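Residue numbers (this note's numbering), protein chains in the order written: chain A, 1 to 237; chain B, 1001 to 1253.
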Ligand SMILES: Nc1ncnc2c1ncn2[C@@H]1O[C@H](COP(=O)(O)OP(=O)(O)OP(=O)(O)O)[C@@H](O)[C@H]1O
Ligand SMILES: [Mg+2]
């Protein structure tokens, strides 16, 4: 938590060009490289959602409502949630491992000695990058999910593409989009802060780095679940 | 210039430093020797407050480092250049960028001035041809020399070296020795060198301290050090006896 405030304080350094370049680099390593796995996971989630709800609804002849079902659940819950989990497991763990290794090999000590604040130099760019990238990736995963659902609709449930999209857009509103983006934004922050915190707290060489990585993934998963639930409760109950 | 007063440090269960008293004089090259794991690196870390003593205190130029914080600590640390045992280079920056890092972050020099300075320091350590390589592409000895170039790039008054020559070939080792000596003679730099390399210690040290069992058991000029009657020093010398004794007796020490 303290780390978060310090990192936010360090954001004033964003005015320097070099720091912005670093943010862009982190956006690439953290975000763009996760696109492939997010594409696969999101489209399959959409397909599963469509199939499950479609089978039920077919009994009432209401298959077309899979559009709304997929769209709303992807936007509100599944999109940010799955993006969060994927990023925690990939980006979060790699940040923790990197920070941990830097502690072990005295690189952090060397930075401190040069009076280079590790929070400004390492945490802040990652935080900004992920706070921006996670909502984008989450939105992208929603699109992929909806496309996946649509494909299942066309091929398995005889729901025409246009009817599916029409149904999907009719039932989703801006609030769903907003809540989803807010979740993703918070998940991005949670992942970076937990990963850096665990990484910096590393002791005892390679074993310590392993522990920091494991704790990062577990803690991020739990926090994402809990925060996700709280936000849903706050906005929809 | 640097004074450790009764410094005690407990790490885990062990009392690593047990009342260390040591004074480093301005302009000298003090060597610290001792068996592996006795706390030589820990001693260095106390001088720059990467570790804080459990008892006792550390004073640099009349300022108590072990209690300094914020801007004061920053100012004290700015006097130091430190070569870490493993080099402590940032993996995603190449050799030249690593050396340039303190200049880029802390000074307002132009890119041209920075390049010139980086080139100068890398030439001093003999790595001017490897500027664009990444730390993962160079050997341990080379990493150490890059670390050294980074340590001296801000022209510090005090340089701490943690095993500058271990893992280096003899020719490079002697080059590092000459560099340390050059910095002392030309620029009046104060150095503290942790090493297992008795050859360096005897040839360029002004004094040698032996740390063992958490205490300084001997502190003497090279000439007196080889004649020391302290058991641990005797053992340490004996382990490197053949070369050392022969050579140093010939020089009439
Ligand atoms: N951060 C730490 N936490 C716990 N124990 C530590 C820590 N740092 C060092 N130690 C312990 O302190 C002892 C001294 O370590 P130090 O690195 O100073 O040894 P050294 O004299 O430099 O040895 P070497 O010649 O091998 O570098 C070791 O036994 C080490 O296990
Ligand atoms: Mg050591």
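From the three backbone atoms N, C-alpha and C, an ideal C-beta is built for every residue, glycine too. Remember, it's a predicted structure, so these values are computed and weren't measured experimentally.
So which residues of chain A does residue 1192 of chain B contact, with C-beta pairs closer than 9 Å?
Taking the second chain and counting its residues from 1, one reaches residue 1192 of chain B at position 192. Those do not exist, as residue 1192 of chain B stays about 14 Å from chain A at its closest Cβ, beyond 9 Å.
Residue 1242 of chain B by DSSP, collapsed to three states: which one?
Stepping through the second chain from its first residue, residue 1242 of chain B is reached at position 242. Residue placement at residue 1242 of chain B cannot be trusted, given a pLDDT of 40 that sits under 50; what the coordinates show is reported in the next sentence. Three-state result, residue 1242 of chain B: helix.
Is residue 1253 of chain B helix, strand or coil when you go by DSSP?
Numbered from 1 along the second chain, position 253 holds the residue referred to as residue 1253 of chain B. Residue placement at residue 1253 of chain B is poorly supported in this model, since its pLDDT is 49, which falls under 50; the coordinates are not used for a value here.
Buried or exposed (CB count within 10 angstroms, at least 16 for buried), residue 1158 of chain B:
The sequence position of residue 1158 of chain B within the second chain is 158, counting from 1. When all chains shown are included, residue 1158 of chain B counts as buried.
Pair within 8 Å by beta-carbon distance, residue 1232 of chain B and residue 1225 of chain B:
Within the second chain, residue 1232 of chain B is the residue found at index 232, counting from 1. Within the second chain, residue 1225 of chain B is the residue found at index 225, counting from 1. For residue 1232 of chain B and residue 1225 of chain B, no; Cβs fall outside 8 Å.
Check whether the Cβ of residue 1163 of chain B sits closer than 7 Å to any heavy atom of ligand 2, and report yes or no.
On the second chain, position 163 is the one that residue 1163 of chain B refers to. Answer for residue 1163 of chain B: yes, Cβ within range of ligand 2.
Residue 140 of chain A - containing alpha helix (DSSP H), residue span:
Within the first chain, residue 140 of chain A is the residue found at index 140, counting from 1. Element bounds for residue 140 of chain A: 124-156.
What separation, rounded to the nearest whole angstrom, lies between the Cα atoms of residue 1099 of chain B and residue 1223 of chain B?
On the second chain, residue 1099 of chain B is found 99 positions in, with the first residue counted as 1. On the second chain, residue 1223 of chain B is found 223 positions in, with the first residue counted as 1. Approximately 36 Å, taken between the alpha carbons.
Locate the beta strand (DSSP E) running through residue 1058 of chain B, then write down its first and last residues.
If you number the second chain from 1, residue 1058 of chain B lands on position 58. Residues 1055-1060.
Tell me whether residue 1085 of chain B, by its Cβ, gets closer than 7 Å to a heavy atom of ligand 2.
By 1-based counting over the second chain, the position of residue 1085 of chain B is 85. Yes.
Measuring straight from C-alpha to C-alpha, what distance separates residue 63 of chain A and residue 160 of chain A?
Translated into positions along the first chain, residue 63 of chain A becomes position 63. Translated into positions along the first chain, residue 160 of chain A becomes position 160. In a straight line, the C-alpha of residue 63 of chain A is about 10 Å away from that of residue 160 of chain A.
Are residue 114 of chain A and residue 30 of chain A touching if we call contact CB-CB under 8 Å?
Here residue 114 of chain A refers to the residue found at position 114 of the first chain. Here residue 30 of chain A refers to the residue found at position 30 of the first chain. Cβ atoms of residue 114 of chain A and residue 30 of chain A: not closer than 8 Å.
Mind checking whether the beta-carbon of residue 1040 of chain B lies closer than 7 Å to any heavy atom of ligand 1?
Stepping through the second chain from its first residue, residue 1040 of chain B is reached at position 40. Because some heavy atom of ligand 1 lies under 7 Å away, the Cβ of residue 1040 of chain B counts as near it: yes.
Mapping DSSP to helix, strand and coil, what is residue 164 of chain A?
Along the first chain, one-based indexing puts residue 164 of chain A at 164. DSSP places residue 164 of chain A in helix when its eight states are reduced to three.
Going by Cα to Cα distance, which pick from A:11, A:81, A:119 and A:233 is closest to residue 99 of chain A?
Position 99 of the first chain, counting from 1, holds the residue named residue 99 of chain A. Checking every option, the nearest Cα to that of residue 99 of chain A belongs to A:119.
Would you mind sorting residue 241 of chain A into buried or exposed? The rule is 16 or more other CB atoms within 10 Å of its CB.
Any property of residue 241 of chain A remains undetermined from this structure, which presents chain A solely from 1 to 237.
Hey, could you find the ends of the beta strand (DSSP E) residue 1003 of chain B is sitting in?
As a position in the second chain, residue 1003 of chain B is number 3, starting the count at 1. That run of the beta strand (DSSP E) goes 1002-1011.
Verify the contact flag: residue 116 of chain A, CB atom, against every heavy atom of ligand 1, threshold strictly below 7 Å.
In the first chain, residue 116 of chain A corresponds to position 116, counting from 1. Outside the cutoff, so no.
Could you tell me whether the Cβ of residue 1086 of chain B comes closer than 8 Å to any Cβ of chain A?
In the second chain, counting from the first residue as 1, residue 1086 of chain B sits at position 86. Yes - at least one Cβ of chain A is within 8 Å of the one on residue 1086 of chain B.
Do residue 1153 of chain B and residue 1103 of chain B count as a contact pair if the criterion is CB distance below 8 Å?
Translated into positions along the second chain, residue 1103 of chain B becomes position 103. Translated into positions along the second chain, residue 1153 of chain B becomes position 153. Closer than 8 Å, so yes.
Let's see if you can read the secondary structure: which residues bound the alpha helix (DSSP H) around residue 38 of chain A?
Locating residue 38 of chain A in the first chain gives position 38, counting from the first residue. That run of the alpha helix (DSSP H) goes 35-58.
Straight-line gap, residue 1215 of chain B to residue 1091 of chain B (C-alpha atoms, nearest Å)
Locating residue 1215 of chain B in the second chain gives position 215, counting from the first residue. Locating residue 1091 of chain B in the second chain gives position 91, counting from the first residue. Cα to Cα, residue 1215 of chain B sits roughly 36 Å from residue 1091 of chain B.
Any C-beta of chain A under 8 Å from that of residue 1077 of chain B
For this step, residue 1077 of chain B is matched to residue 77 along the second chain. So yes, residue 1077 of chain B belongs to the interface.
Any non-hydrogen atom of ligand 2 within 7 Å of residue 1194 of chain B CB
If you number the second chain from 1, residue 1194 of chain B lands on position 194. Correct: residue 1194 of chain B has its Cβ closer than 7 Å to ligand 2.
Is residue 1049 of chain B helix, strand or coil by DSSP?
As a working note, residue 1049 of chain B is residue 49 in the second chain. Coil, per DSSP.
Using 7 Å as the cut-off, classify the Cβ of residue 1036 of chain B as near or not near the heavy atoms of ligand 4, replying yes or no.
No copy of ligand 4 occurs in the structure displayed; its ligands are ligand 1 and ligand 2 alone.
Closer than 8 Å at the beta carbon, the chain A residues around residue 1074 of chain B
Residue numbering aside, residue 1074 of chain B sits at position 74 when the second chain is read from its first letter. In chain order: 115.
If distances are taken between C-alpha atoms only, which option among A:230, A:237, A:236 and A:225 comes closest to residue 84 of chain A?
As a working note, residue 84 of chain A is residue 84 in the first chain. That would be A:225, whose Cα lies nearest to the Cα of residue 84 of chain A.
In chain B, which residues lie with their C-beta within 8 Å of the C-beta of residue 43 of chain A?
Locating residue 43 of chain A in the first chain gives position 43, where the first residue counts as 1. Neighbours of residue 43 of chain A on chain B: none; closest Cβ ~33 Å, over 8 Å.
Would you report the Cα separation of residue 1057 of chain B and residue 39 of chain A, rounded to the nearest angstrom?
Along the second chain, read from residue 1 onward, the residue named residue 1057 of chain B stands at position 57. Along the first chain, read from residue 1 onward, the residue named residue 39 of chain A stands at position 39. One C-alpha to the other measures close to 58 Å.
Under a CB-based cut-off of 8 Å, is residue 1096 of chain B close to chain A?
In the second chain, residue 1096 of chain B corresponds to position 96, counting from 1. Answer no: the Cβ-Cβ gap between residue 1096 of chain B and chain A never drops below 8 Å.
Extent of the continuous alpha helix (DSSP H) run through residue 28 of chain A
Within the first chain, residue 28 of chain A is the residue found at index 28, counting from 1. Note, residue 28 of chain A: alpha helix (DSSP H), 17-30.
Residues of its chain near residue 1130 of chain B, where Cβ-Cβ distance is below 7 Å and the 5 sequence neighbours each way are ignored
Residue mapping note: residue 1130 of chain B aligns to position 130 of the second chain, counting from 1. Excluding residues within five positions, the ones whose Cβ falls inside 7 Å are 1095, 1138 and 1142.
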